[in-house]
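Data first, discussion second: the structure below is written as structure tokens.
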Amino acid sequence: MAKVVLSCTVNSEPQQIIIDDRDSLADVLRDKLHLTSVKKGCEVGECGACTVLINDEAFDSCIYLAIWAEGKEIRTVEGLMDADGEISDIQQAFIDEAAVQCGFCTCGFIMSSMPILESDEEYTRDEIRKQIAGNFCRCTGYENIANAVEKVKEDRMNNKK
Amino acid sequence: MYDIKKIYKATSVQDAIKHLVDDPNALIIAGGSDILIKIHKGKLAGCSLVSIHDIDELRGVSMQDNGDIKIGPLTSFSNLSKDHIIKRYIPVLGEAVDQVGGPQIRNIGTIGGNISNGVTSADSASTLFALNAMLEITGPNNSRIIPISEYYLGPGKVDLKNGEVLTAIIITKENYEDFTGHYIKYAMREAMDIATLGCCVTCKLNDQKDTIKDVHLAYGVAGPIPMRCPRAEKSIIGMKISDEMFNTLGKIALTEVKPRTSWRASKEFRLQLVEELCKRSLKEAIKKSGGVING
Ligand SMILES: Cc1cc2nc3c(=O)[nH]c(=O)nc-3n(C[C@@H](O)[C@@H](O)[C@H](O)COP(=O)(O)OP(=O)(O)OC[C@H]3O[C@@H](n4cnc5c(N)ncnc54)[C@H](O)[C@@H]3O)c2cc1C
Ligand code: FES
Ligand code: FES
Chain A
58 MAKVVLSCTV
68 NSEPQQIIID
78 DRDSLADVLR
88 DKLHLTSVKK
98 GCEVGECGAC
108 TVLINDEAFD
118 SCIYLAIWAE
128 GKEIRTVEGL
138 MDADGEISDI
148 QQAFIDEAAV
158 QCGFCTCGFI
168 MSSMPILESD
178 EEYTRDEIRK
188 QIAGNFCRCT
198 GYENIANAVE
208 KVKEDRMNNK
218 K
Chain B
903 MYDIKKIYKA
913 TSVQDAIKHL
923 VDDPNALIIA
933 GGSDILIKIH
943 KGKLAGCSLV
953 SIHDIDELRG
963 VSMQDNGDIK
973 IGPLTSFSNL
983 SKDHIIKRYI
993 PVLGEAVDQV
1003 GGPQIRNIGT
1013 IGGNISNGVT
1023 SADSASTLFA
1033 LNAMLEITGP
1043 NNSRIIPISE
1053 YYLGPGKVDL
1063 KNGEVLTAII
1073 ITKENYEDFT
1083 GHYIKYAMRE
1093 AMDIATLGCC
1103 VTCKLNDQKD
1113 TIKDVHLAYG
1123 VAGPIPMRCP
1133 RAEKSIIGMK
1143 ISDEMFNTLG
1153 KIALTEVKPR
1163 TSWRASKEFR
1173 LQLVEELCKR
1183 SLKEAIKKSG
1193 GVING
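Here the protein sequences come in this chain order: A and B.
Following the numbering used here, the numbering of the first sequence begins with 58 at its first residue and continues without gaps.
Following the numbering used here, the numbering of the second sequence begins with 903 at its first residue and continues without gaps.
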């Protein structure tokens, strides 16, 4: 065990944080940076509630050692907020489509859907479902979540045309 | 925070080997999707680790001058499925690892870790057995190359001596050229589930596309470690594609496997899967080779 300095970018801001080399990335994001959108559901990679983007790919931050984040770009739901403090299209869509009940899984699902939403490729509903299959929701039954992601994907693709 | 005694971040293969030799109890951690779970559950609490996570030279896929394909053990499942060499020459391997866990696990899990944990259900293992994968293992004094079948010593146990690291997975040209393959993972759910049984078949047809020239049949969870069925394979080489051929393959495979009953499924159910899935996998592999299946 040792204290080490972690240099990385979190939600576009460069950070230098003193961490314990046994910390998970979820520990550091929650306890050191107070980014509490990162939820700990299972802590063994099963539920996806702790999903964050590392260099634009979705990872379970509970089973990712913080020391591996050196030099990487990390994004959480807090980073989706625009300059005026408004929520993003995907967050609004979760509200509109009733894709949130207790809300514990929501931030994880939103981060898992980001690679789909930011991609230039088309996604079928089945492909969307596959990309969010690493996230568990105990409340909604998934249909509304898939609807929210599908809707924003469609909107973003139309805006690109 | 994980209950880890100490962790060293290796900067190169030689650096990792040196630290593994200096601390014989230290374990290698790559993506951590097995090791960190075991630490969390207490089975490996208080362990010492050597992290190879940042050794980029162990990542990626490359074509060798002699046509062999070299896969870095740190290549993640998702990068393997996306790789253009894999897509073009060994699509069956990319398709097999695309069935692991969910997207987040496929981003962190490595193919080297998947075979080095010695688990029979590993989704890459049966396909690598069917492809006769060769493994390059580098140690303090030398490096050796062994077939994957010799790597598995028993459940959870692979042939790694102190200070040794798996540094490459090699698929030789003769094991992919003109072969097509298909992997079926039978599980209770479509994602985030471990295989009840896994079955990979690769085959090569004659020029008329009506006769089996060569076939490799491999299973996961049909025994304590991933396995091939050499007698079943031999029995249909040279046979015309026919119901009789499919039935022969299934019947003889049954005599070679040793599945157990677990909470996931009974032995009897697994035997039924062994017989049925090899036929289905072979049918798909034949179709991909341009062969025709009657009826
Ligand atoms: C939620 C969840 C779902 C999963 N679902 C599936 C599934 O559907 N199918 C499946 O097959 N697997 C599944 N897995 C397990 C799978 O992620 C692991 O087997 C993974 O491939 C291991 O690779 P790693 O690099 O993450 O492992 P690590 O934990 O880093 O290592 C695994 C083992 O291999 C050793 N090792 C790693 N790399 C090397 C090397 N280069 N040389 C020598 N030894 C090495 C380590 O010492 C350790 O013993 C799942 C895991 C989780 C957490
Ligand atoms: S808390 Fe990380 S996957 Fe469940
Ligand atoms: S809204 Fe409650 S777990 Fe998904």
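Even for Gly, the Cβ is constructed at its ideal location relative to N, Cα and C.
Residue i burial status per 10 Å Cβ neighbour count (16 or more: buried)
i	result
residue 1172/B	buried
residue 1084/B	buried
residue 1008/B	buried
residue 159/A	exposed
residue 1002/B	buried
residue 64/A	exposed
residue 1029/B	buried
residue 69/A	exposed
residue 1135/B	buried
Collapsed DSSP secondary structure at residue i in the structure displayed
i	result
residue 1124/B	coil
residue 88/A	helix
residue 1150/B	helix
residue 120/A	helix
residue 1078/B	coil
residue 162/A	coil
residue 1056/B	strand
residue 1118/B	strand
residue 1002/B	coil
residue 1049/B	strand
residue 1131/B	coil
residue 115/A	strand
residue 990/B	helix
residue 1163/B	coil
residue 136/A	helix
residue 1032/B	helix
residue 1180/B	helix
residue 945/B	coil
residue 1063/B	coil
residue 963/B	strand
For residue i, the nearest candidate out of the options (CA to CA)
i	options	result
residue 975/B	1139/B, 1045/B, 1052/B, 932/B	932/B
residue 196/A	190/A, 172/A, 162/A	162/A
residue 1006/B	215/A, 158/A, 165/A	165/A
residue 1077/B	994/B, 1058/B, 1126/B	994/B
residue 113/A	204/A, 192/A, 67/A, 146/A	67/A
residue 1093/B	105/A, 144/A, 207/A	105/A
residue 1121/B	1071/B, 1175/B, 1167/B	1175/B
residue 206/A	178/A, 185/A, 216/A, 191/A	185/A
residue 1177/B	1104/B, 1100/B, 1075/B	1100/B
residue 1013/B	980/B, 906/B, 990/B	980/B
residue 81/A	169/A, 121/A, 154/A, 199/A	121/A
residue 1034/B	914/B, 1105/B, 957/B, 982/B	1105/B
residue 1129/B	1017/B, 1079/B, 1149/B, 1166/B	1017/B
residue 214/A	176/A, 136/A, 107/A, 116/A	176/A
residue 1097/B	1081/B, 1124/B, 908/B	1124/B
residue 964/B	1073/B, 1151/B, 926/B	1073/B
residue 147/A	156/A, 125/A, 116/A	156/A
residue 1062/B	1081/B, 1127/B, 1107/B, 1042/B	1042/B
residue 919/B	1095/B, 957/B, 1193/B	957/B
residue 204/A	154/A, 179/A, 145/A, 119/A	154/A
residue 136/A	193/A, 75/A, 94/A	94/A
residue 98/A	61/A, 90/A, 107/A	107/A
Separation of residue j from residue i, as counted between CA atoms
i	j	result
residue 109/A	residue 999/B	22 Å
residue 1027/B	residue 187/A	22 Å
residue 123/A	residue 96/A	16 Å
residue 962/B	residue 1141/B	38 Å
residue 1075/B	residue 143/A	55 Å
residue 216/A	residue 150/A	16 Å
residue 939/B	residue 905/B	11 Å
residue 978/B	residue 1039/B	19 Å
residue 1155/B	residue 1090/B	23 Å
residue 100/A	residue 1015/B	20 Å
residue 218/A	residue 211/A	11 Å
residue 190/A	residue 1044/B	43 Å
residue 903/B	residue 1071/B	33 Å
residue 72/A	residue 181/A	37 Å
residue 1188/B	residue 1195/B	8 Å
residue 929/B	residue 1167/B	32 Å
Heavy atom of ligand 5 within 7 Å of residue i beta-carbon
i	result
residue 160/A	Absent from the structure shown: ligand 5. Ligands present: ligand 1, ligand 2 and ligand 3.
>> Using 8 Å as the cut-off, can you tell me whether the stretch 1040 to 1059 of chain B makes contact with the stretch 937 to 950 of chain B, which would need three or more C-beta pairs spanning the two stretches below that distance?
In response: The stretch 1040 to 1059 of chain B, when compared against the stretch 937 to 950 of chain B, does not touch it at the 8 Å Cβ threshold.
>> Using 8 Å as the cut-off, can you tell me whether the stretch 1019 to 1033 of chain B makes contact with the stretch 121 to 141 of chain A, which would need three or more C-beta pairs spanning the two stretches below that distance?
In response: Taking 8 Å as the limit for Cβ pairs, the verdict is that the stretch 121 to 141 of chain A does not touch the stretch 1019 to 1033 of chain B.
>> Quick check: the stretch 1152 to 1167 of chain B against the stretch 1057 to 1072 of chain B, are at least 3 beta-carbon pairs closer than 8 Å?
In response: Short answer: they don't touch.
> Do the stretch 1103 to 1119 of chain B and the stretch 1143 to 1158 of chain B meet, that is, are 3 or more Cβ pairs less than 8 Å apart?
Replying inline: In this structure the stretch 1103 to 1119 of chain B lies against the stretch 1143 to 1158 of chain B, because at least three pairs of beta carbons, one per stretch, are closer than 8 Å.
>> Between the stretch 1054 to 1064 of chain B and the stretch 954 to 969 of chain B, can you find at least three pairs of beta-carbon atoms closer than 8 Å?
In response: Contact between the stretch 954 to 969 of chain B and the stretch 1054 to 1064 of chain B is absent: fewer than 3 CB-CB pairs across the two stretches fall below 8 Å.
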